[in-house]
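Numbering (our numbering), first residue to last: 39 to 304. For every residue, glycine included, the Cβ atom is placed at its ideal position computed from N, Cα and C.
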Ligand SMILES: C[S@@+](CC[C@H](N)C(=O)[O-])C[C@H]1O[C@@H](n2cnc3c(N)ncnc32)[C@H](O)[C@@H]1O
């Protein structure tokens, strides 16, 4: 980790009230939309969703009506205060947000589905591996991870990757961590060269997805999209779909729809 947990928390506390307005990029919205879509299809009645690095609640609040209970964990009180305010404004009463770090989420109840969007890239690779092991110990059916991740060569000039604060992994490192922890990769969504969504299902719990089959979806219009990192090949990949893929983008907050949005690094 290039900053301490406390430094990340302070950075996001400062930025919290403007955070939602800054998340207008197509890549962020596509990533969040896919995380929501995959987590929604994994959730069953009575389920608990644990959203790690929950921030202002983009994922958890969108899924509150699909789960019995949503538990958001983050290290930034400022970000979670925004989430709580949005939950109250929308009349959502089954979502709770509290302090918890990736490797110490401070939660010990049952979890069925875990999600995380645009947050794990703050950790170093060995810390991401510890996080995946922590998540696996909860025994969820499915873990949906959307994040900054490298499908090709790292490019520090990308707006999603600031080497002074971010530490994204290659997709291969994440695939290894997930499969070593007992997950099977059931979908890989390449949103852009440095943004993707991985869906991992426990091999020892019944899932609607069938472990051993992995769908890899690519934007056909992303340059180099046909290059599949060789480390996918041992990650249970059986089927590769290369086609123009149109993820459903989540709605922008109303004040952004008509205004002139600005991009902020996540
Ligand atoms: C870019 S925001 C993403 C928020 C939200 N998931 C979203 O999709 O909008 C990253 C979040 O990760 C949180 N974070 C950073 N390091 C963390 C850690 N070690 N444990 C838990 N959360 C962390 C930050 O406080 C911040 O809220």
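Assuming residue i contacts residue j under a Cβ cut-off of 8 Å, what Cβ separation, rounded to an integer in Å, is found between them?
i           : j           : result
residue 223 : residue 230 : Incorrect: roughly 19 Å between the Cβ atoms, too far for contact.
residue 233 : residue 186 : 6 Å
residue 80  : residue 180 : 4 Å
residue 159 : residue 46  : About 11 Å separates the two Cβ atoms, so there is no contact after all.
residue 206 : residue 188 : 6 Å
residue 116 : residue 51  : 4 Å
residue 141 : residue 215 : About 13 Å; that fails the 8 Å criterion.
residue 163 : residue 211 : 5 Å
Expressed to the nearest angstrom, what Euclidean distance is found between the alpha-carbon atoms of residue i and residue j?
i           : j           : result
residue 170 : residue 74  : 19 Å
residue 137 : residue 178 : 20 Å
residue 202 : residue 83  : 42 Å
residue 109 : residue 192 : 33 Å
residue 71  : residue 96  : 10 Å
residue 99  : residue 144 : 20 Å
residue 146 : residue 176 : 8 Å
residue 57  : residue 165 : 25 Å
residue 342 : residue 101 : Given that the chain is displayed from residue 39 to residue 304, the structure contains no residue 342 and the question cannot be resolved.
residue 120 : residue 129 : 14 Å
residue 37  : residue 76  : For the chain, the structure presents residues 39 to 304; residue 37 sits outside this window and is missing.
residue 221 : residue 63  : 30 Å
residue 118 : residue 106 : 20 Å
residue 209 : residue 48  : 28 Å
residue 39  : residue 112 : 16 Å
Give the DSSP-derived three-state secondary structure of residue i in the structure shown.
i           : result
residue 43  : helix
residue 181 : strand
residue 301 : Only weak support is given to the placement of residue 301: the predicted model assigns it a pLDDT of 34, under 50, and the question is left unresolved by the model.
residue 101 : coil
residue 238 : strand
residue 227 : strand
residue 219 : coil
residue 170 : helix
residue 213 : helix
residue 176 : helix
Taking the DSSP output, what are the residues bridged to residue i?
i           : result
residue 195 : Residue 195 pairs with nothing; no bridge assigned.
residue 207 : 187
For this session: Any chance you could list the alpha helix (DSSP H) runs of at least 4 consecutive residues sitting entirely within the stretch 49–134, in chain order?
Result: 64–80, 96–100 and 115–127
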